[in-house]
Structures are given as C-alpha cells and as structure tokens.
Amino acid sequence: MNEEFRKEVFKRLEQIGLTKKDLFKREKLLQKFYKSECYKSSLSVDIEKDLGLIQCRKTDKSIRIIKNPIIIKVDLYTVFKFYINLGYVFRDKNKKVYSMEEVEQLIINYYEKNNMEYKI
Numbered sequence: 824m825n826e827e828f829r830k831e832v833f834k835r836l837e838q839i840g841l842t843k844k845d846l847f848k849r850e851k852l853l854q855k856f857y858k859s860e861c862y863k864s865s866l867s868v869d870i871e872k873d874l875g876l877i878q879c880r881k882t883d884k885s886i887r888i889i890k891n892p893i894i895i896k897v898d899l900y901t902v903f904k905f906y907i908n909l910g911y912v913f914r915d916k917n918k919k920v921y922s923m924e925e926v927e928q929l930i931i932n933y934y935e936k937n938n939m940e941y942k943i
C-alpha cells in the first residue's frame, strides 16, 4: 500500500471515528465473507434502486455527486470500503448524508425484508 494512500485511509478512519483495530476486524470479516457460502449467493444490493441512495465523493469542503459510478452494487461486508478506501459517502434525494453504520443498517433491513441470510 502506497504511503500517501495509507495516510489518507487513516485520516478517513479518524474522521469516521474508527480505530485501526476496527479496520482490521472489518477486513477479517470481509475475508471470512469471501470464503463463506453467503458470498456465493447474491447478497449485493443496488445502491440506487434498492436502497434509494446516491454515491457522492466527499472533499474537504463539499460533497459532490458521482455522475457515472463504476461500482453500483454493495453488500454488508464491503460498505466500509466505500467510506474508508474510496472516500465515498451516500446520501438520499433529500440530501441527508448517511453514516457508514446507517448504510449498514439499511442493508440489514433490506436483507431481512427480502428474507436473505446474511450472517456468516
């Protein structure tokens, strides 16, 4: 990992209120998810269609909408990558910005509403 990128990631961690230990726990869960049966079943959720959220890029002074996002699907175990590695945030049409935990809760609610098994 490039040193400049590492500093950027740790800066975002600090802004969100997470520690390095939290990051490593989430990374470990992600690796466990990739090896599980849940990964083979489709747990990916369309960010715009299913959750009604818009991807945005957070800068120091503003939040800008990403017009043509490359990644349009997310699951419970990869949402932290958007916030920490990419510096993305999610907002709805009313311009309410969601925290990482709120987006995770929206995804859990979506899984439960559609009777999808998501625990590993």
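Here the numbering used here is used: position 43 in the sequence shown is 866, and no number is missing along the way.
We put the CB at the ideal spot given by N, CA and C, even for glycine.
Note that this is a predicted model, so its numbers are computed, not measured.
Among the options, which one has its Cα closest to the Cα of residue i?
{"i": "residue 874", "options": "916, 826, 908, 940", "result": "916"}
{"i": "residue 924", "options": "856, 855, 834, 845", "result": "845"}
{"i": "residue 878", "options": "884, 888, 838", "result": "888"}
{"i": "residue 839", "options": "852, 922, 937", "result": "922"}
{"i": "residue 938", "options": "910, 876, 865, 886", "result": "865"}
{"i": "residue 843", "options": "881, 940, 907", "result": "907"}
{"i": "residue 831", "options": "910, 918, 934, 942", "result": "910"}
{"i": "residue 926", "options": "905, 942, 941, 936", "result": "905"}
{"i": "residue 942", "options": "859, 851, 829, 895", "result": "859"}
Is it buried or exposed, residue i, if we count other Cβ atoms within 10 angstroms and call 16 or more buried?
{"i": "residue 857", "result": "exposed"}
{"i": "residue 903", "result": "buried"}
{"i": "residue 920", "result": "exposed"}
{"i": "residue 893", "result": "exposed"}
{"i": "residue 847", "result": "exposed"}
{"i": "residue 913", "result": "buried"}
{"i": "residue 895", "result": "exposed"}
List the residues that DSSP assigns as beta-bridge partners of residue i.
{"i": "residue 913", "result": "878, 921"}
{"i": "residue 870", "result": "Answer is none; residue 870 lacks a bridge partner."}
{"i": "residue 886", "result": "881"}
{"i": "residue 897", "result": "868"}
Span of the alpha helix (DSSP H) holding residue i?
{"i": "residue 839", "result": "826-839"}
{"i": "residue 857", "result": "843-858"}
Closer than 7 Å: is that where the CB of residue i sits relative to any heavy atom of the ligand GTP?
{"i": "residue 940", "result": "What this structure holds is no ligand at all, so the ligand GTP is not there to describe."}
ask   = Taking contact to mean at least 3 C-beta pairs separated by less than 8 Å, is the segment 897-914 in contact with the segment 925-933?
value = yes
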